[in-house]
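Down below is the structure, laid out as structure tokens.
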Amino acid sequence: MALGGAWLAAFSSTEVGSVAHAAAQPGPVRVAVFSPEGPGDPFWARSIDFMEAAARDLGLTLEVHFADGTARTMAGNAERIMTGPTPPDYVLFPATDRIGPSILDIAEREGINAVLLNTTISEDQRDRIKGPRAIYTRWLGGIIADDLLGGYLLARNMFRHAQRRWITAPSGRIEVIGLTHSAADKAALDRIDGLKLASEEYYLGDIAYLGLANGSKAKAHQVIELGYESHPGATLYWSTDDMMALGMMESLTDRTRRLPGTDAIIGGFYWSPWALQAVLDGRISFLMGGHFMTGGAALVMIHDHARGVDFKPMGMEQRFGFGMLHAGNIKQLAPILAQRDWSWVDFKRFSRALHPERGDYGFSASAFLRARKP
1 MALGGAWLAA
11 FSSTEVGSVA
21 HAAAQPGPVR
31 VAVFSPEGPG
41 DPFWARSIDF
51 MEAAARDLGL
61 TLEVHFADGT
71 ARTMAGNAER
81 IMTGPTPPDY
91 VLFPATDRIG
101 PSILDIAERE
111 GINAVLLNTT
121 ISEDQRDRIK
131 GPRAIYTRWL
141 GGIIADDLLG
151 GYLLARNMFR
161 HAQRRWITAP
171 SGRIEVIGLT
181 HSAADKAALD
191 RIDGLKLASE
201 EYYLGDIAYL
211 GLANGSKAKA
221 HQVIELGYES
231 HPGATLYWST
241 DDMMALGMME
251 SLTDRTRRLP
261 GTDAIIGGFY
271 WSPWALQAVL
281 DGRISFLMGG
291 HFMTGGAALV
301 MIHDHARGVD
311 FKPMGMEQRF
321 GFGMLHAGNI
331 KQLAPILAQR
341 DWSWVDFKRF
351 SRALHPERGD
361 YGFSASAFLR
371 ARKP
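Heads up: the sequence shown runs through residues 1 to 374, numbered per full-length UniProt numbering.
What follows is the structure, encoded as structure tokens:
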């Protein structure tokens, strides 16, 4: 089942540039989304598709402003829109490359509510500006993927899989070779902390080697060779993204006698079409992802806030749970993830304004994938 061509063809139809998309059924509340990437970026293209479906379902007007891969351009778009003649009611953006406080400054000055998406304020910046609704009263909060839990669950499932199949080093221990895309990015650091937590919890687990490959498949191919040359007994190959997981897979196939999916277990993050295909083929065993859906969750929070049901009691900074793809669910979920139409998702189901009986939001990839409209 080849996914790459159809998925990439769907992305290529999006016009490049800084553009705006309006929801099909606009409501009185206008939300401007600022993307740091262009419309051809796979992650952001999927994120926008999901947000547009959420906006239509919730009756919000969504305007999307793409950048060129730089935080500076994104910040310029934010200033232009927020200081323009028809500013939005809410802005939604990631605090990429430490740009968050600059955009929050503008939102505060212009009286526009701001919600952070996927990337939050760095710890050193937080020391200065504190948290949401403190110095910046218009900074309502945000939602980010639970990277610590995601890293932990990925590693824990890999350990358990190895133990069940007796895929161990000659010593009987389960050695992990890990790769990270960044030594400074908070998401990467949290995922690594999750790996360490699982290794400490699992009495047979050892992190034998942890390398830096900058999210590059080619770099991962090179770096991983150093890992398994010094630790030939390693059987688990854990990565903070999918491109590096694919690099691990290719390197193992080219340079060792280990067969990915048989006597080498590979796991990573992000649901790219190439990585999904590798899970379908059985070469990648576990793949965390679904955090492109966080924008839909953020719009539910904004919808409720605009209706007078504040999400503050539930937590101003919500965590989004990753989903996990594996041999047991990939055939069912791959066709769903390969399409762009999310109109079947019942976003209203998550609204506390529409469903006061709800406890917490419970945002996760799995929850959205189960939320089919009646």
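No residue lacks a Cβ here, since even glycine has one placed at the ideal position from N, Cα and C.
Can you round the beta-carbon distance between I224 and S251 to whole angstroms, since I take them to be within the 8 angstroms contact cut? Translated into positions along the sequence shown, residue 224 becomes position 224. Translated into positions along the sequence shown, residue 251 becomes position 251. That pair is a contact at about 5 angstroms.
Report the three-state DSSP secondary structure of F159 (helix, strand or coil). Looking up residue 159 in the sequence shown gives position 159. Reduced to three states, the DSSP call for F159 is helix.
Stretch pair the segment 161–172 + the segment 234–253: three plus CB contacts closer than 8 angstroms: Contact between the segment 161–172 and the segment 234–253 is present, because at least three Cβ pairs lie under 8 angstroms.
DSSP three-state assignment for E37, whether helix, strand or coil: Within the sequence shown, the letter at position 37 stands for residue 37. In the three-state DSSP reduction, E37 falls in the coil class, being neither helix nor strand.
Can W271 and L337 be called in contact, C-beta distance under 7 angstroms? Residue numbering aside, residue 271 sits at position 271 when the sequence shown is read from its first letter. Residue numbering aside, residue 337 sits at position 337 when the sequence shown is read from its first letter. Cβ atoms of W271 and L337: closer than 7 angstroms.
Suppose you measure from the CA of M51 to the CA of D310; what does that come to, to the nearest Å? The residue labelled residue 51 in the question sits at position 51 within the sequence shown. The residue labelled residue 310 in the question sits at position 310 within the sequence shown. Whole-angstrom Cα-Cα distance: 20 angstroms.
Work out the CA separation of H303 and D190 for me, nearest whole Å. For the purposes of this step, residue 190 is taken as residue 190 along the sequence shown, with counting starting at 1. For the purposes of this step, residue 303 is taken as residue 303 along the sequence shown, with counting starting at 1. So the two alpha carbons sit approximately 29 angstroms from each other.
Report the three-state DSSP secondary structure of W44 (helix, strand or coil). As a working mapping, residue 44 is identified with position 44 in the sequence shown. In this structure, W44 counts as helix in the three-state DSSP scheme.
Could you check whether the segment 280–292 touches the segment 31–39, counting it as contact only if at least three pairs of C-beta atoms, one from each stretch, sit closer than 8 angstroms? no
Taking three-plus beta-carbon pairs below 8 angstroms as touching, is the segment 131–149 in contact with the segment 285–305? yes
C-alpha gap between A220 and G227, whole angstroms: Within the sequence shown, the letter at position 220 stands for residue 220. Within the sequence shown, the letter at position 227 stands for residue 227. Computed Cα separation, rounded: 10 angstroms.
With a CB to CB cut of under 6 angstroms and the five nearest residues on each side skipped, what residues in its chain are close to A24? To locate residue 24, count along the sequence shown from 1; it is residue 24. Confidence at A24 is low in this model, with a pLDDT of 34, below 50, so its placement is unreliable and the value that follows should be read with caution. Excluding positions up to five away in sequence, the list reads R56.
For A53, which residues from the same chain have a beta carbon less than 8 angstroms from its beta carbon, with the 5 sequence-adjacent residues on both sides left out? Here residue 53 is taken as the residue at index 53 of the sequence shown, counted from 1. G296, D341, W342, S343, V345, F347.
I129 to L58, Cα distance in whole Å? Stepping through the sequence shown from its first residue, residue 129 is reached at position 129. Stepping through the sequence shown from its first residue, residue 58 is reached at position 58. Whole-angstrom Cα-Cα distance: 32 angstroms.
Between the CA atoms of S216 and E200 - distance to the nearest angstrom: For the purposes of this step, residue 200 is taken as residue 200 along the sequence shown, with counting starting at 1. For the purposes of this step, residue 216 is taken as residue 216 along the sequence shown, with counting starting at 1. Distance between the alpha carbons of E200 and S216 is about 28 angstroms.
Can you tell me where the beta strand (DSSP E) holding V345 begins and where it ends? As a first step, residue 345 is located in the sequence shown; it is residue number 345 there, counting from the start. V345 -> no beta strand (DSSP E), and no H or E assigned at all.
In the DSSP assignment, what residue or residues form a beta bridge with I302? Along the sequence shown, read from residue 1 onward, the residue named residue 302 stands at position 302. Paired residue(s): none; I302 is not in a bridge.
How about E175 and A184: do their beta carbons lie closer than 7 angstroms? The count along the sequence shown starts at 1 and reaches residue 175 at position 175. The count along the sequence shown starts at 1 and reaches residue 184 at position 184. Taking 7 angstroms as the cut-off, the Cβ atoms of E175 and A184 do not count as close.
Using CA atoms only, rank isn't needed, just tell me which of T262, F322, A353 is closest to N118. What you label residue 118 is simply residue 118 of the sequence shown in a count that begins at 1. Nearest of T262, F322, A353 to N118, Cα basis: F322.
Quick check on the burial criterion: 16 or more other C-beta atoms within 10 angstroms. Buried or exposed for E63? Stepping through the sequence shown from its first residue, residue 63 is reached at position 63. Answer is buried; the Cβ neighbour count reaches 16.
Through-space distance from F292 to A188, alpha-carbon basis: Residue numbering aside, residue 188 sits at position 188 when the sequence shown is read from its first letter. Residue numbering aside, residue 292 sits at position 292 when the sequence shown is read from its first letter. Spanning the two alpha carbons is a distance of roughly 16 angstroms.
Check whether the Cβ atoms of M288 and L154 sit closer than 7 angstroms, and answer yes or no. Locating residue 288 in the sequence shown gives position 288, counting from the first residue. Locating residue 154 in the sequence shown gives position 154, counting from the first residue. Yes. Within cutoff.
Report yes or no: do the segment 68–83 and the segment 358–365 share at least 3 C-beta pairs separated by less than 8 angstroms? Segments in contact, no.
With a CB to CB cut of under 7 angstroms and the five nearest residues on each side skipped, what residues in its chain are close to F368? For this step, residue 368 is matched to residue 368 along the sequence shown. Same-chain partners within the cutoff: M293, G296, V345.
N77: first and last residue of the uninterrupted alpha helix (DSSP H) it sits in: Taking the first residue of the sequence shown as position 1, residue 77 is located at position 77. Residues 71–82.
Rounded to whole angstroms, what's the CA-CA distance from P87 to A275? Just pull it up for me. Position 87 of the sequence shown, counted from the start, is the residue given in the question as residue 87. Position 275 of the sequence shown, counted from the start, is the residue given in the question as residue 275. Those two C-alpha atoms are separated by around 40 angstroms.
Going along the chain, which residues of its own chain have a beta-carbon closer than 6 angstroms to the beta-carbon of Y90, five neighbours each way excluded? Walking along the sequence shown from the start, residue 90 turns up at place 90. Around Y90: V31, N113, I302.
Range of the contiguous alpha helix (DSSP H) that encloses V223: On the sequence shown, residue 223 is found 223 positions in, with the first residue counted as 1. 217–230 is the span of the alpha helix (DSSP H), which, as asked, contains V223.
Can you tell which of L60, M244, I103, R173 has its C-alpha closest to the C-alpha of R80? For the purposes of this step, residue 80 is taken as residue 80 along the sequence shown, with counting starting at 1. Checked all of L60, M244, I103, R173; the closest Cα to R80 is I103.
Grouping DSSP H, G and I as helix and E and B as strand, with all else coil, what is Y90? Position 90 of the sequence shown, counted from the start, is the residue given in the question as residue 90. Strand at Y90.
Please confirm if A53 has its CB atom under 7 angstroms from at least one CB of chain B. Among the chains in the structure shown there is no chain B, since it carries only a single protein chain.
Just verifying my parser: in three-state terms, what is the DSSP assignment at D360? The residue labelled residue 360 in the question sits at position 360 within the sequence shown. Coil at D360, not helix or strand.
Nearest candidate by alpha-carbon position, reference S239, set F66, S285, N77: As a first step, residue 239 must be located in the sequence shown, where it is residue number 239. If we check each option's Cα against that of S239, S285 comes out closest.
Any idea if H21 is buried or exposed, counting beta-carbon neighbours within 10 angstroms, 16 or more meaning buried? Looking up residue 21 in the sequence shown gives position 21. Only weak support is given to the placement of H21: the predicted model assigns it a pLDDT of 35, under 50, and the value that follows is read from those uncertain coordinates. Classification for H21: buried.
Under a Cβ-count criterion, where at least 16 other Cβ atoms within 10 Å of its own Cβ denotes burial, should W166 be classed as buried or exposed? Position 166 of the sequence shown holds residue 166. Exposed.
Just the C-alpha distance for D339 and S47, rounded to the nearest angstrom, thanks. For the purposes of this step, residue 339 is identified with residue 339 of the sequence shown, where counting begins at 1. For the purposes of this step, residue 47 is identified with residue 47 of the sequence shown, where counting begins at 1. The residue asked about is misnamed: residue 339 is Gln in this sequence, not Asp. C-alpha separation (whole angstroms): 12 angstroms.
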